[in-house]
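Sequence lines, in order, name chains V and B. This note's numbering numbers the first residue of the first sequence as 1 and each following residue consecutively. This note's numbering numbers the first residue of the second sequence as 48 and each following residue consecutively. Where a beta carbon is used, it is the ideal one built from N, C-alpha and C, also for glycine. As the structure is a prediction and not an experimental result, all values here were calculated from the model.
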Amino acid sequence: MVKEEIIRLMVIIDLALKADGLTIEAVTKKELKLIGDFFALPPPEKK
Amino acid sequence: MLPKLLEKRLHDRNISVRTAAEELNVSHTTLHRIINGETMDLKTLVSLSNWLGVRPSTILDSDANDENTSISSTITALIEQDPRLASAFTEIGKELKNGNIDLRDVEDIVSYTIYRINDGKRRNNPINGDN
Numbered sequence: 001m002v003k004e005e006i007i008r009l010m011v012i013i014d015l016a017l018k019a020d021g022l023t024i025e026a027v028t029k030k031e032l033k034l035i036g037d038f039f040a041l042p043p044p045e046k047k
Numbered sequence: 048m049l050p051k052l053l054e055k056r057l058h059d060r061n062i063s064v065r066t067a068a069e070e071l072n073v074s075h076t077t078l079h080r081i082i083n084g085e086t087m088d089l090k091t092l093v094s095l096s097n098w099l100g101v102r103p104s105t106i107l108d109s110d111a112n113d114e115n116t117s118i119s120s121t122i123t124a125l126i127e128q129d130p131r132l133a134s135a136f137t138e139i140g141k142e143l144k145n146g147n148i149d150l151r152d153v154e155d156i157v158s159y160t161i162y163r164i165n166d167g168k169r170r171n172n173p174i175n176g177d178n
């Protein structure tokens with residue numbers, strides 16, 4: 001079963017893509033750092 | 048990937064597209080359209096994943112789980128391509144850090160994001176959308 005949490009996050013993606021235009025300059029360094037920190041850890045699992 | 052998965056499931060269970068559509072709670076024309084490569088909404092994607100017993104990324108067949116590309120670099124590229132995704136991936140990152148989702152879940156979400164972006168390109172440019 002697809003987890004409810006994944007569905008919720010996919011809906012957030014849908015909503016983001018429907019949002020008004022945003023340029024990369026408007027994305028804050030803090031946001032980019034957070035994203036970098038989150039996805040650098042933990043290390044990818046071996047398949 | 049999806050047509051092959053569906054074909055195998057229909058063959059294994061010896062059922063028609065119409066019967067499968069009934070089980071999925073979609074019209075058989077919708078299921079035919081999906082088999083022929085037309086895009087589906089999130090609800091249908093989730094139903095199909097559950098019905099086939101596979102992850103959404105398997106159905107979407109994107110390159111999000113390409114061994115040569117890390118998930119973080121794919122996310123970075125997606126945000127550079129469409130900055131509207133920055134806040135969404137911040138939220139997804141928090142859920143990952145909190146242990147509510149794992150990296151395979153993130154792959155599913157990234158696959159879905161690529162699918163949606165490509166769908167948007169096709170809609171805006173029906174002739175060259177795949178380029």
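Grouping DSSP H, G and I as helix and E and B as strand, with all else coil, what is residue i?
i: V:K18; result: helix
i: B:T116; result: coil
i: B:R102; result: coil
i: B:S74; result: coil
i: B:S63; result: coil
i: V:V2; result: coil
i: B:M48; result: coil
i: B:N97; result: helix
i: B:E69; result: helix
i: V:T28; result: coil
i: B:G140; result: helix
i: V:G36; result: helix
i: B:E127; result: helix
i: B:N172; result: coil
i: B:T160; result: helix
Give every residue of the same chain whose Cβ lies closer than 8 angstroms to the Cβ of residue i, excluding the five residues on either side of it in the sequence, and list them in chain order.
i: B:I106; result: M48, L49, L52, L92, L95, S96, L99
Kindly list the residues whose CB is nearer than 7 angstroms to the CB of residue i, restricted to its own chain and excluding five residues on each side of it in sequence; keep chain order.
i: B:S74; result: A68
i: B:D166; result: T86
i: B:L150; result: I118
Judging by CA-CA distance, which residue of the options is the nearest neighbour of residue i?
i: B:E138; options: V:V2, V:M1, V:R8; result: V:R8
i: B:Q128; options: B:V101, B:I164, B:I62; result: B:I164
i: B:K55; options: B:T77, B:R151, B:I82, B:T160; result: B:I82
i: B:D88; options: B:N61, B:N172, B:Y162; result: B:Y162
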